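Count along the sequence shown from 1, add 620, and you get the number used in my numbering. The beta carbon of each residue, even a glycine, is placed where N, CA and C say it ideally should be. Bear in mind that the values here come from a model prediction, so they are computed numbers and not experimental data.
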Amino acid sequence: MNKIIQLTPFDLFLATSLILLAAAISLSLRIALEKRLLKAAFRATIQLGLLGLILAKVFALSSPLPVLAILLLMAFFAGREAAARPARKYAGIKWDTWLTMLISSFFVGTIVTQIIIGIKPWYHPQYLIPILGMILGNSLNGISLALDRFLEHFAIRHAEIELYLAFGASRSEALNAPLKEAVRTGMTPIINAMSVAGIVSLPGMMTGQILAGGTPLQAVAYQILIMFTLAGANSFGSIFIGYIAGKRLLSPEGWLNLQELEENSKRKQKYKMK
Numbered sequence: 621m622n623k624i625i626q627l628t629p630f631d632l633f634l635a636t637s638l639i640l641l642a643a644a645i646s647l648s649l650r651i652a653l654e655k656r657l658l659k660a661a662f663r664a665t666i667q668l669g670l671l672g673l674i675l676a677k678v679f680a681l682s683s684p685l686p687v688l689a690i691l692l693l694m695a696f697f698a699g700r701e702a703a704a705r706p707a708r709k710y711a712g713i714k715w716d717t718w719l720t721m722l723i724s725s726f727f728v729g730t731i732v733t734q735i736i737i738g739i740k741p742w743y744h745p746q747y748l749i750p751i752l753g754m755i756l757g758n759s760l761n762g763i764s765l766a767l768d769r770f771l772e773h774f775a776i777r778h779a780e781i782e783l784y785l786a787f788g789a790s791r792s793e794a795l796n797a798p799l800k801e802a803v804r805t806g807m808t809p810i811i812n813a814m815s816v817a818g819i820v821s822l823p824g825m826m827t828g829q830i831l832a833g834g835t836p837l838q839a840v841a842y843q844i845l846i847m848f849t850l851a852g853a854n855s856f857g858s859i860f861i862g863y864i865a866g867k868r869l870l871s872p873e874g875w876l877n878l879q880e881l882e883e884n885s886k887r888k889q890k891y892k893m894k
């Protein structure tokens, strides 16, 4: 097995030049991304550094409680971020996205870690935390895109939904079209990623396995497992968030609660400035 090349703080300092290069390009083109880029880079460094220190402690313990606490915290922040991205909001959106992230990611993650891989003990942090972390991170994008598309369809084409209801359609029938569009939008990123995997890109799991000294075929096996897992989590999460959002915006009696939707004024302002 190949020895892992250790990175030093100086190596990471040199890598900072690439961020500075991207910021310089933003400045030269006057696209005003340099502050957001530097802030994101700073946050990523701090967050990943803290996570590394915490995981080192958790890996040394043999208790499921710290592992579950980390996973719940990750799900909480993922749900909050997913609620912040859609251009439209409604009352309870944060709870809905958090619940969706929790149920979809933990449901699919349990199948993968406990049935397919069969990790022992079931809370083994070396497997459970990275795999659930990948599912949460990828599901965040898919669920936020699906919710954004669902709410956009609901707000723009509400007259069409009302027409369906006027002709006696049930709530599920009236929400069929926006739900289909939401799932299609939420699934697009992972479908695109799977389409070019191995030809255009070497995905993260496969790259990590190879850098850690694993055999290429075993790295491929893990990457296939993860990509199929992400596809399942995205599809389940997209359907679930559309279903619970639809229940909030369309009453059982067939009344549209359009007053629940409100434009994200900050995002609208950014688009206008562009």
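Ends of the alpha helix (DSSP H) at Arg791?
That run of the alpha helix (DSSP H) goes Arg791 to Ala794.
Of all the options Lys800, Phe787, Phe774 and Leu640, which has the alpha carbon lying nearest to the alpha carbon of Leu878?
That would be Phe774, whose Cα lies nearest to the Cα of Leu878.
With DSSP as the reference, label Ala817 as helix, strand or coil.
DSSP places Ala817 in strand when its eight states are reduced to three.
Buried or exposed, going by whether 16 or more other CB atoms sit within 10 Å of the CB of Ser764?
Label assigned to Ser764: buried.
Checking the sheet assignment: what are the DSSP bridge partners for Leu870?
Paired residues: Leu876.
By a C-beta neighbour count over all protein chains shown, 10 Å radius and 16 as the cutoff for buried, is Pro836 buried or exposed?
By the neighbour-count rule (16 or more Cβ atoms within 10 Å), Pro836 is not buried but exposed.
Backbone CA spacing between Gly757 and Trp875 [nearest angstrom]
Cα-Cα distance, rounded: 35 Å.
Do Ala802 and Ser855 count as a contact pair if the criterion is CB distance below 8 Å?
No, they are not a contact pair.
On the three-pair Cβ rule with 8 Å, is the stretch 846-854 touching the stretch 802-819?
Short answer: they touch.
Between Leu681, Phe726, Ala661 and Arg708, which has its C-alpha nearest Leu592's C-alpha?
Past the boundaries of the shown model lies residue 592; the chain is included only from 621 to 894, so the question cannot be answered.
Tell me the rounded alpha-carbon separation between Pro629 and Lys740.
One C-alpha to the other measures close to 34 Å.
Mind checking which residues open and close the alpha helix (DSSP H) that includes Ala642?
For Ala642, the uninterrupted alpha helix (DSSP H) run begins and ends at Pro629 to Leu649, by DSSP.
DSSP three-state label for Trp742, please.
If DSSP states are grouped into helix, strand and coil, Trp742 belongs with coil.
Excluding the 5 residues flanking Thr805 on each side, which residues of the same chain have their C-beta closer than 6 Å to its C-beta?
If we look at Thr805 and ignore the five residues flanking it on each side, its Cβ neighbours are Leu765, Ala766 and Arg769.
Go ahead and pull the three-state DSSP assignment for Arg804.
The answer is helix: DSSP assigns Arg804 an H, G or I state.
Taking the straight line between their C-alpha atoms, what separation do you get for Ala832 and Ala698?
Going from the Cα of Ala832 to the Cα of Ala698 covers about 27 Å.
Please confirm whether Val678 and Pro745 have their CB atoms less than 8 Å apart.
Cβ distance < 8 Å, so Val678 and Pro745 count as in contact.
Below 8 Å between beta carbons: does that hold for Ala643 and Leu632?
For Ala643 and Leu632, no; Cβs fall outside 8 Å.
Could you pull the start and end residues of the alpha helix (DSSP H) that Leu688 belongs to?
Judged by DSSP secondary structure, Leu688 falls within the alpha helix (DSSP H) whose first and last residues are Pro684 to Ala704.
Sort Ala660, Ala661 and Ala689 by Cα distance to Ile674 and report the nearest one.
Taking only the C-alpha atoms, the option nearest Ile674 is Ala689.
Cα separation between Gly895 and Gly824?
This structure cannot speak to residue 895, because the chain is shown only from 621 to 894.
Spatial neighbours of Ile723 in its chain, beta-carbon cut-off 6 Å, leaving aside the 5 residues before and after:
Here the set comprises nothing.
Look at the alpha carbon of Lys655 and the alpha carbon of Ser682, and state the distance between them as a whole number of angstroms.
One C-alpha to the other measures close to 42 Å.
What's the gap between the Cα of Ile731 and the Cα of Leu649?
If I take the Cα positions, the gap works out to 47 Å.
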